[in-house]
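Colleague: Below is one structure. I have some questions about it.
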Amino acid sequence: MRHRIRSQLGVSVFIALISLLLMSLAGVALVRAVDSGSLMIGNLGFKEAATVSTDRATEQAIAWLQANLSTTSGSTPMLYQNHTADGYYATALDSLDPTGNRDNTGRVLIDWDDDGCASAAEGSFGGCIAPRAATATGGNDVAYLISRLCKEQSDPNATSCVKASAAAAGSSPKMGELKYGEDKRFSGSGGPHYRIIVRAKGPRNTVSFTETIVHF
5 MRHRIRSQLG VSVFIALISL LLMSLAGVAL VRAVDSGSLM IGNLGFKEAA TVSTDRATEQ
65 AIAWLQANLS TTSGSTPMLY QNHTADGYYA TALDSLDPTG NRDNTGRVLI DWDDDGCASA
125 AEGSFGGCIA PRAATATGGN DVAYLISRLC KEQSDPNATS CVKASAAAAG SSPKMGELKY
185 GEDKRFSGSG GPHYRIIVRA KGPRNTVSFT ETIVHF
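In my numbering, each residue carries its 1-based index in the sequence shown increased by 4.
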């Protein structure tokens, strides 16, 4: 009888130890889940703050464009030529790689970190151009670059540019109407489009990019 009782006690202790081990593992998993959730929420918060910073930088870039629509540099209108110190380029920059993720040795990088594009391997890109630093907000380093969507630096009416379409003279027929007169046509409004690229880098290396197309 005593031998049977001792055997039962041994089995009970063994089961209790297994239960304790399983509870410990469950506790560790719960802690890790909570930590991962907190980290994810924190990262989303920094990402949102960085995006808000890019919105403000975009507004600064638009304000710069508006202020220089009628300004001249010498005898040439400001927006007809590059002004690299202001992060403004009067051409479309077809080879531009804003995020640095393309695999093309002819790509043009943006020097977001002001280090001569040192993050890219030597020989992996064909150019490195400077943006303009924007007002830092919320601990984020922000910069923007403006590219006029034109083929060359010149009067937009003398080169090929991306322009907004507007209805020209004439009138369009109504539904079901037969009309033999001249219909409306669409033509460029005369104002080129401008591409504004903004990057914000947060305190935890959270990076956000935005791109905005505007015309005046």
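For every residue, glycine included, the Cβ atom is placed at its ideal position computed from N, Cα and C.
All values reported here derive from a predicted model rather than from experimental measurement.
1. Look at residue 142 and residue 124 and say whether their C-beta atoms are less than 8 Å apart.
2. Indicate the three-state DSSP secondary structure (helix, strand or coil) for residue 141 in the structure shown.
3. Quick check on residue 62: buried or exposed, where buried means 16 or more other Cβ atoms within 10 Å of its Cβ?
4. Enumerate in chain order the residues of its own chain whose CB-to-CB distance from residue 196 is below 7 Å, with the five nearest sequence positions on each side excluded.
5. With DSSP collapsed to three states, give me the class of residue 56.
6. Please state whether the Cβ-Cβ distance between residue 109 and residue 128 is less than 8 Å.
7. Could you work out which residue in 163, 208, 121, 138 is closest to residue 4 when comparing CA atoms only?
8. According to DSSP, residue 77 sits in a beta bridge with which residue or residues?
9. Mapping DSSP to helix, strand and coil, what is residue 168?
Modeller: This is what the structure gives:
1. The residue given as residue 142 occupies position 138 in the sequence shown. The residue given as residue 124 occupies position 120 in the sequence shown. Going by C-beta atoms, residue 142 is not nearer than 8 Å to residue 124.
2. As a first step, residue 141 must be located in the sequence shown, where it is residue number 137. It is a strand residue.
3. Translated into positions along the sequence shown, residue 62 becomes position 58. With 16 or more Cβ atoms within 10 Å of its Cβ, residue 62 is classed as buried.
4. Position 192 of the sequence shown, counted from the start, is the residue given in the question as residue 196. If we look at residue 196 and ignore the five residues flanking it on each side, its Cβ neighbours are 152, 153, 154, 160, 165, 166, 167, 219.
5. On the sequence shown, residue 56 is found 52 positions in, with the first residue counted as 1. Three-state DSSP puts residue 56 in a helix.
6. Residue mapping note: residue 109 aligns to position 105 of the sequence shown, counting from 1. Residue mapping note: residue 128 aligns to position 124 of the sequence shown, counting from 1. For residue 109 and residue 128, yes; Cβs fall inside 8 Å.
7. Since the first residue of the chain shown is 5 and the last is 220, residue 4 is not available in this structure.
8. The residue you call residue 77 lines up with position 73 of the sequence shown. Its beta-bridge partners are 80.
9. Position 164 of the sequence shown, counting from 1, holds the residue named residue 168. Strand at residue 168.
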